[in-house]
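Read the structure below first, then the notes.
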Amino acid sequence: MKLIFEKGAPGQHLSLLPSCDVPEVSLSQERKAPLPLPQVSETELTRHYTALAKRVHGVNDGFYPLGSCTMKYNPKINEDMAALPGFTQIHPLQPESTVQGCLEVLATAEKLLGEITGMDAMTFQPAAGAHGEFTGLLLIKAYHHHRGDSARTKIIVPDSAHGTNPASAVMAGYTVVNIPSAPDGCVDVEALKAAVGPDTAGLMLTNPNTVGIFDKNILEITKIVHDAGGLCYYDGANLNAVMGVVRPGDMGFDVIHLNLHKTFSTPHGGGGPGSGAVGCKALLESFLPGPVVEKAGDGYRFAIPEHSIGRVKDFYGNFTVVVKALTYILTLGKAGIPEAAENAVLNANYMMKRLKEKYTMAYDVPCMHEFVMCLEDLLHDTGVSAMDIAKGLLDNGIHPPTMYFPLIVHEALMIEPTETESKETLDEACDVFLKLWDLAHSDPQALHDAPKTTPVRRLDEVGAARNPVLRYTEA
Amino acid sequence: MGSYIPNTGEQRREMLSAVGAQCVQDLFASVPKDMLVGDGLDLPEGLSELEVRRAVTAMAEKNRIYPTVLRGAGAYRHFIPAVVRSVVTREELVTAYTPYQAEISQGILQSIFEFQTMICMLTGMDVANASVYDGGTAAAESIAMCKDRRRTKAYVSACAHPHVIETMRTYCFGSDTELVVVPEKDGRTDLEALKAALGADAACFYLQQPNYYGNMEDAAAIGEIVHAAGAKFVMGVNPIACAVMATPAECGADIAVGEGQPLGLDIAFGGPYLGFMAATKAMFRKLPGRIVGQTHDVEGQVGYVLTLTAREQHIRREKASSNICSNQALCALTAGVYLTAMGPEGLEKAARQSMSKAHYLAAELEKIGMKRLHGGEFFHEFVTACDKPQAVLDALDKAGILGGLPVEGGILWCVTEMVSREEIDRAVAIIKEVC
Chain A
1 MKLIFEKGAP GQHLSLLPSC DVPEVSLSQE RKAPLPLPQV SETELTRHYT
51 ALAKRVHGVN DGFYPLGSCT MKYNPKINED MAALPGFTQI HPLQPESTVQ
101 GCLEVLATAE KLLGEITGMD AMTFQPAAGA HGEFTGLLLI KAYHHHRGDS
151 ARTKIIVPDS AHGTNPASAV MAGYTVVNIP SAPDGCVDVE ALKAAVGPDT
201 AGLMLTNPNT VGIFDKNILE ITKIVHDAGG LCYYDGANLN AVMGVVRPGD
251 MGFDVIHLNL HKTFSTPHGG GGPGSGAVGC KALLESFLPG PVVEKAGDGY
301 RFAIPEHSIG RVKDFYGNFT VVVKALTYIL TLGKAGIPEA AENAVLNANY
351 MMKRLKEKYT MAYDVPCMHE FVMCLEDLLH DTGVSAMDIA KGLLDNGIHP
401 PTMYFPLIVH EALMIEPTET ESKETLDEAC DVFLKLWDLA HSDPQALHDA
451 PKTTPVRRLD EVGAARNPVL RYTEA
Chain B
476 MGSYIPNTGE QRREMLSAVG AQCVQDLFAS VPKDMLVGDG LDLPEGLSEL
526 EVRRAVTAMA EKNRIYPTVL RGAGAYRHFI PAVVRSVVTR EELVTAYTPY
576 QAEISQGILQ SIFEFQTMIC MLTGMDVANA SVYDGGTAAA ESIAMCKDRR
626 RTKAYVSACA HPHVIETMRT YCFGSDTELV VVPEKDGRTD LEALKAALGA
676 DAACFYLQQP NYYGNMEDAA AIGEIVHAAG AKFVMGVNPI ACAVMATPAE
726 CGADIAVGEG QPLGLDIAFG GPYLGFMAAT KAMFRKLPGR IVGQTHDVEG
776 QVGYVLTLTA REQHIRREKA SSNICSNQAL CALTAGVYLT AMGPEGLEKA
826 ARQSMSKAHY LAAELEKIGM KRLHGGEFFH EFVTACDKPQ AVLDALDKAG
876 ILGGLPVEGG ILWCVTEMVS REEIDRAVAI IKEVC
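If you're matching them up, the sequences are chains A and B in order.
The first sequence: position 131 = 131 (the working numbering), numbered continuously.
Quick note: to get the working numbering, add 475 to the position in the second sequence (first position is 1).
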């Protein structure tokens, strides 16, 4: 498909702006380079982007069991609410008295999410999960510094963690201590005991963890870290499994990030904008990025926390994403929040049970919202890899699971169906998975060759990295 | 209560029985019993769609929409063509994840490749990434691109946006980097102070163009000073101004970053916005975040993939160049559609009209005795001295006009193509009454 730069013709344009009604001025140092932006008609523009949209698989195009990403349905009412002019046309530096509705959104979302997570305060400034991790770790850093404890230079991360965890720890100035997982995929308590000490700033953990198991030792784990003087960070990527059922705050965590774009149903937009809200216990509240929203009489006002780490972003975060998440929470309410978690877990266990008929599970125990299959034996028996199965799914209209993660499982496929999929969809998907398992044995080449029905077939990623072509240049 | 769960009670029972559970609570057996919240969560009852629409709309209605906006300071109300909204609300584009599965994500990947190209065109730089969170985080991320063992200090002009400086400072607290603020002189970076400040340990200097006060900096001369000290020159630019002003490449920048919000994104109480980052060929492998590259499929067909991933967190973990994974893809798409709709002429028109109208307002204000605080050239923002800013802003407010932002020494005004000459004249008449 042609690039937009290869379409249209010089002089084609849309009629958008009137002529200037004041005398025109120029700068003494003006741009010398030509500006070769596309020149197309409105018809051509809309056809181009419609064609691009048709080459995308969204949640509305089919099943999307991408593990760790919680690709649940994105309710349309959320989009409507976020598009209200009373939100979209508000300047971020308007007088406080004229933005009381925006402040109410932030304050209400903080209160409800605080209750769901068991946290005392929250900031919505972080724009994504990784940004939230960085922010949360800086709260931990500021806390230790404030107490005059500069010896705490290490963050402990299990080897099953998301790659962002160690990367965020380094950005926050910490050394990473990787600890191996126990054979059951959970934290190796003895390894943790051996790792903590006076240099421990904190532990980063996902619970349920990345293999979809709730770590039953969680209270002991957080106590070990606290006893050593460290703090506990909760990676909220998997909160969908337990929201309304059990709270990270009650598990002993001090600080948490949420992915509003996962758990709280806001769309992913092809990779953003998300929202990585960070919640914390009272002991960290005074370090939060400013400004935060506080109650003032009948209304709200902005305030800067006493020992704030400072801003992590311009203004107040991805505000309209928070509007969408708030709309969702208000819709589900007290009963709907745990019901979503319960059904996410039920759907995952149901799929796991059906797929166990042929596939090997990395951990053959009941799962939470997701589970990991290990295709090492399939690869050994047939030469068909996790990648091949994933590409086979593409020809069946299903977005593949997360591949080759977590790193502790070889040939991993991580499946997270979410609660918004029906039994019919799960059954159809299971039929496809099982059919592909059979195909791997009868005609492995067919899977090496997949996909065949997609707009392009397997792409040369090695070539792309070796000879990078990162922009269009006119021939 | 609202719910998006399709399965009926009977289907759920069927599934429970298939997995050998009596009830759904059995599935949470691994959670210690005393930790379960039971029915204890203090949340309101769920709402129907009509009720939730009423509740959230009521919040939106507590905000005030100003028909005329003369305030910018990092958030700019520009004209947004109708085609932009029409494209970026398409469900496929809104609901997809990061394009990990390239074969079914060509639409997003190609749109990012086109966005990267457009950012290169605007800035004159060689390579751009797929976007980061916003202009402030783009500026902060650029520091890590420039630091090495010997060059450990970052410098920023005092004339950069205060939020950007503060975000850089927070990131520097993380990486234990010293951040030095180079002072201003008459609303511009003090070149002598800059020369004196940059030492052998200087990694980079960040200059905003036009700067926070709307003033044009002598970017080329500053670039020479920075390079003479052996440091990298980072420019934070307004992408619309790039249509008329000398590009970062023409000013010798090694890295160009900026806030992409003016490119078709609503002001939306501060977000979501869009950070862009571009660099010279020599530095592109240090760019953080996603980058899309062109390649071929097994049949030789052109296609696009996420590339150079060896820099990234999911491969390199603690050795990654940044922790960033999600970017602002839908915002980057918005900017791409906006730039396509505007085209070279339309974008120049938006830039030229914004600048010209700002100059018209400045001239009219001067006629009534409200003089600019700084001399020299400016783009579409400027500061006037004002001894009773609150009275001026209150009077404008009553007429539905959001006046400029109160800053030290006066008021920071902004005019875009959205404001007509009549609106400017009306504002000036109101101000004249007060002053």
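Every residue gets a Cβ at the ideal spot worked out from N, C-alpha and C, and that includes glycine.
Just so you know, these numbers come straight off a predicted model, no measurement behind them.
I'd like to know whether the C-beta of residue i is nearer than 9 Å to at least one C-beta of chain A.
{"i": "Met476 of chain B", "result": "yes"}
{"i": "Leu814 of chain B", "result": "yes"}
{"i": "Asn690 of chain B", "result": "no"}
{"i": "Gly884 of chain B", "result": "no"}
{"i": "Met817 of chain B", "result": "yes"}
{"i": "Asp644 of chain B", "result": "Asp is not the amino acid found at residue 644 of chain B; the sequence shown has Arg there. Cβ-Cβ to chain A under 9 Å: yes for Arg644 of chain B."}
{"i": "Phe877 of chain B", "result": "Note that residue 877 of chain B is Leu in the sequence shown, not Phe. Closer than 9 Å to some Cβ of chain A, the Cβ of Leu877 of chain B qualifies, so yes."}
{"i": "Met752 of chain B", "result": "no"}
{"i": "Ser650 of chain B", "result": "yes"}
{"i": "Leu518 of chain B", "result": "yes"}
{"i": "Asn538 of chain B", "result": "yes"}
{"i": "Cys861 of chain B", "result": "no"}
{"i": "Cys679 of chain B", "result": "no"}
{"i": "Lys824 of chain B", "result": "yes"}
{"i": "Val602 of chain B", "result": "yes"}
Got a sec, what are the start and stop residues for the beta strand (DSSP E) residue i sits in?
{"i": "Ile309 of chain A", "result": "Note, Ile309 of chain A: premise wrong, no beta strand (DSSP E); not H, not E."}
{"i": "Thr532 of chain B", "result": "Careful: Thr532 of chain B lies outside any beta strand (DSSP E), inside the alpha helix (DSSP H) at 524–535."}
{"i": "Leu880 of chain B", "result": "880–882"}
{"i": "Val655 of chain B", "result": "653–657"}
{"i": "Glu734 of chain B", "result": "730–734"}
{"i": "Leu682 of chain B", "result": "677–684"}
{"i": "Phe503 of chain B", "result": "Per DSSP, Phe503 of chain B belongs to no beta strand (DSSP E) and is neither H nor E."}
Determine the DSSP secondary structure at residue i, reduced to helix, strand or coil.
{"i": "Val293 of chain A", "result": "strand"}
{"i": "Tyr233 of chain A", "result": "strand"}
{"i": "Thr815 of chain B", "result": "helix"}
{"i": "Gln486 of chain B", "result": "helix"}
{"i": "Ile948 of chain B", "result": "Residue numbering for chain B in the displayed model covers 476 to 910; residue 948 of chain B lies beyond these limits and cannot be assessed."}
{"i": "Cys647 of chain B", "result": "helix"}
{"i": "Leu35 of chain A", "result": "coil"}
{"i": "Lys2 of chain A", "result": "coil"}
{"i": "Lys761 of chain B", "result": "helix"}
{"i": "His771 of chain B", "result": "strand"}
{"i": "Arg847 of chain B", "result": "strand"}
{"i": "Asn690 of chain B", "result": "strand"}
{"i": "His448 of chain A", "result": "helix"}
Can you check whether the C-beta of residue i is within less than 9 Å of a C-beta belonging to chain B?
{"i": "Met71 of chain A", "result": "yes"}
{"i": "Leu37 of chain A", "result": "yes"}
{"i": "Thr210 of chain A", "result": "no"}
{"i": "Cys374 of chain A", "result": "no"}
{"i": "Phe315 of chain A", "result": "yes"}
{"i": "Gly269 of chain A", "result": "yes"}
{"i": "Lys154 of chain A", "result": "no"}
{"i": "Cys280 of chain A", "result": "no"}
{"i": "Phe433 of chain A", "result": "no"}
{"i": "His48 of chain A", "result": "yes"}
Taking just the CA atoms, how far does residue j sit from residue i?
{"i": "Gly352 of chain A", "j": "Val531 of chain B", "result": "Note that residue 352 of chain A corresponds to Met in the displayed sequence, not to Gly. Roughly 39 Å separates the two Cα atoms."}
{"i": "Val639 of chain B", "j": "Leu781 of chain B", "result": "28 Å"}
{"i": "Thr43 of chain A", "j": "Gly739 of chain B", "result": "19 Å"}
{"i": "Lys622 of chain B", "j": "Ala614 of chain B", "result": "13 Å"}
{"i": "Pro248 of chain A", "j": "Ala340 of chain A", "result": "17 Å"}
{"i": "Val322 of chain A", "j": "Met752 of chain B", "result": "25 Å"}
{"i": "Ala754 of chain B", "j": "Thr784 of chain B", "result": "17 Å"}
If you follow the alpha helix (DSSP H) that residue i is part of, which residue opens it and which one closes it?
{"i": "His789 of chain B", "result": "788–791"}
{"i": "Phe857 of chain B", "result": "Run containing Phe857 of chain B: none in the alpha helix (DSSP H); it sits in the beta strand (DSSP E), 856–860."}
{"i": "Gly697 of chain B", "result": "It is worth fixing the name first, because residue 697 of chain B is Ile in this sequence and not Gly. Residues 694–703."}
{"i": "Cys595 of chain B", "result": "581–598"}
Contact criterion: CB-CB distance below 9 Å. Does residue i meet it with respect to chain E?
{"i": "His638 of chain B", "result": "Structure shown: chain E not included; protein chains present are A and B."}
Unbroken alpha helix (DSSP H) runs of length 4 or more, entirely within the segment 121–167 of chain A: which are they?
129–146
What are the complete beta strand (DSSP E) segments, minimum 3 residues, inside the segment 360–419 of chain A?
371–374, 412–415
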